[in-house]
Each structure stands twice: as structure tokens, then as C-alpha cells.
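Accompanying notes for the structure given below.
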Amino acid sequence: MAYPWTGSIGVPHAVAVLSTARGCGATLLTAAAGLLVDDAVGRVGQTVVLMDADTDCGGLTDLTRYWNATSASGVDGLRGFAEDPIDLANRSVHGYLRHVHTGDARRQDMAVFPLGPGDKPGEHLPTNGTLQETVGAAVERLMELQGCLFVDCGVVRTPVTLEVCRRVQHIILVGQSEPTSDVETAEFMTWLTERGLREKVLGWVCNDPNGARSGPVEPAGVPPALMQLPYDRGGAARIAQGRLPGPGSPLVRALREQMLALWPDVLNDGAMGAR
């Protein structure tokens, strides 16, 4: 589904990014998309929020720990949000956001809502049965900020993943360009369809590190890939530092082109009418 340009500046969207298999690059894609939106419209006031909802691995939390980010809270993200004694309905996420400052003047309207700190993924998350409700409430609070929200859900199919998918507007799957990944993508699509979430799925991204496929990728049971992203070691290293790679990056170039085709208003800084 293509989104026609309407002339609005920095239109926010809430998107869940799901991995069809561990190590397929969904966390990198989540961070890259956030950096790209921030670079395009952060200076005109659009906020970008990255949320880590991968309670099994916490890859986005690990990635963004190396960014120059600050928090006004003594604890971060879901850990602090869950330990806050205020009722979920009235809880604010502002104190738990890590505000990103990378030295780039444009990067002042981007924030991260990470998992709680710890040596093991999820070790400080609530274990009293409230995690699903806590994550769902956090998504709602972040959507109320009217920013562009990207939620990294990881690969696990849990009630937490389901709760995120029910709250956001869109779902994107990320898989690799291998036959085994085709099967995993189809299985994940079936899992979402059985739970009434098929209409939210915009499609899937084929992360193609080896360039093994040059033609369309169409696993049985799922629509054609939204995009195929090339491997870009240098670009990945820049993203790991919290910085958007330059225009020569094949990853960023492909991602920007596809986001303009899918959500042109997300990257609109007020000059798109002349394009």
C-alpha cells in the first residue's frame, strides 16, 4: 500500500519491527529508520522515539548504550516504568526516555525507551505477571507523544510481542534472503494472521547481506518484499555510534528511497512540494 503525499510535515507513525529469525538485522533497521527520520525532520520539530520491546535479547538497548544518550531518571525504560508506583493509566514515560545527543545539531529530537539495564537481557523486568500490561501502557504513552515511534520486538512470539502489535499502527517483518528464512517469514505471517493482525502488516523487508538474490523475493504465503537492503558494513558501524551514514551509504540510500515511497510525509521537511 502506497501512502500519497498530503503536504503535512513529519507525519508520525507507530511501527512494530519484528525479526523472522535472530540476527537478520531488524535492530539495525529500527535504529537506521529512526536516525533517517530524525535527520530529515528533527530540525522542524518532529520527535523520533525508539523503543526496545525485545525481552529476550534487548538488542536495541545494547546498541543504543553506546550512543551519547542521557536520561533524567535513575533507572531506564521498562524497568523504571514497571517499578513506578503510579497507576499504569496515569504513568508518564518522560522521565525514562534517554535523550540522544551525538554532537549533530539536528539530533536533538530523538529519544530511546530501553529495557532496564543489566548484564542479562530482561533480568530487571517485572516478573509478577504485569510485563504485558506494562509494555502495552508504555507503547500507548509513547504514541501520545505524537512522535515517529519504532518498536523493536525481536524474534520471540510472546504475549508482549502480541500486545505491541495490537497497539501500533503498522507491522513490518525483517528476514534474510535464504530459503530457510522464507519459511520463517511465512510462519510468522501466519501467526499474525491467526491473531487478527494481518491488516496491520505492511510487508516484510529482505535484508540481503550476501547479495544472493537479485530478483523479487516472494515466500509462499506472504506478499512481495517491501524492500531489499544491501549489506553495508561501514554504514552499520556508523549507526552503532548513533550517527546516520552519509548519502553514499547503499543501506541508507535504499532505505530512504523505500520510505519515501511508503510514507512520504514521514520524511517531509516542508520542501517536498517542490519535488
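If you number the sequence shown the way our numbering does, the last residue is 259 and the count never jumps. Think of the CB as a built atom: it goes at the ideal place given N, C-alpha and C, for glycine as much as any other residue.
Comparing C-alpha positions only, which one of the options sits nearest to residue i?
i    : options                   : result
V123 : T54, P248, L62 and G159   : L62
A5   : I70, P98, E178 and R141   : R141
V148 : V1, V96, G64 and G131     : V1
H85  : W175, R227 and A53        : A53
G7   : D136, P231, C132 and E107 : D136
R27  : T14, I(-7) and D71        : I(-7)
T45  : F172, W247 and G106       : G106
Output needed for residue i: all residues of its chain with C-beta closer than 6 Å, excluding positions within five of it in sequence on either side, in chain order.
i    : result
P229 : G219, R222 and V236
S233 : D216 and G219
E128 : none
G43  : T11
G18  : V32, L34 and F134
G79  : A56 and S57
G138 : S3, D38, D40 and C41
L99  : D36, G42, T45, G61 and L62
Under the three-state reduction of DSSP, which class applies to residue i: helix, strand or coil?
i    : result
Q242 : helix
V250 : helix
I155 : strand
C137 : strand
R74  : For clarity, residue 74 is Asn in the given sequence; the question names Arg instead. N74: helix per DSSP, three-state reduction.
R27  : helix
P143 : helix
G64  : helix
R227 : coil
P234 : helix
W51  : coil
R6   : coil
Whole angstroms are fine: how far does the CA of residue j sit from the CA of residue i?
i     : j    : result
G159  : Q153 : 20 Å
P110  : R182 : 30 Å
L251  : L239 : 12 Å
T31   : Q225 : 19 Å
D103  : R49  : 12 Å
G254  : L186 : 26 Å
R197  : P214 : In this prediction, R197 has a pLDDT of 46, which is less than 50 and means its spatial position is unreliable; nothing more can be read from the coordinates.
D23   : F97  : 19 Å
H(-3) : L176 : 20 Å
Q130  : D93  : 12 Å
E67   : R125 : 16 Å
P101  : L20  : 26 Å
E168  : W188 : 12 Å
A16   : L47  : 11 Å
P69   : R75  : 9 Å
T174  : R151 : 19 Å
V(-5) : V25  : 10 Å
Near residue i, which residues of its chain fall below 7 Å by C-beta distance, leaving aside the five closest residues on each side in sequence?
i    : result
L244 : L251
V144 : A37, T39, L115, Q116 and V119
G9   : V158 and N191
L146 : R179
F65  : R75, V77, Y80, T118 and A122
Starting from the C-beta of residue i, find all residues in its chain whose C-beta is less than 8 Å away, skip the five residues before and the five after it, and write them out in chain order.
i    : result
R259 : Residue placement at R259 cannot be trusted, given a pLDDT of 43 that sits under 50; the coordinates are not used to answer.
Is residue i near the ligand FMN - that is, is its Cβ less than 7 Å away from at least one heavy atom of it?
i    : result
E178 : Ligands are entirely absent from the displayed structure, and the ligand FMN is therefore not among its contents.
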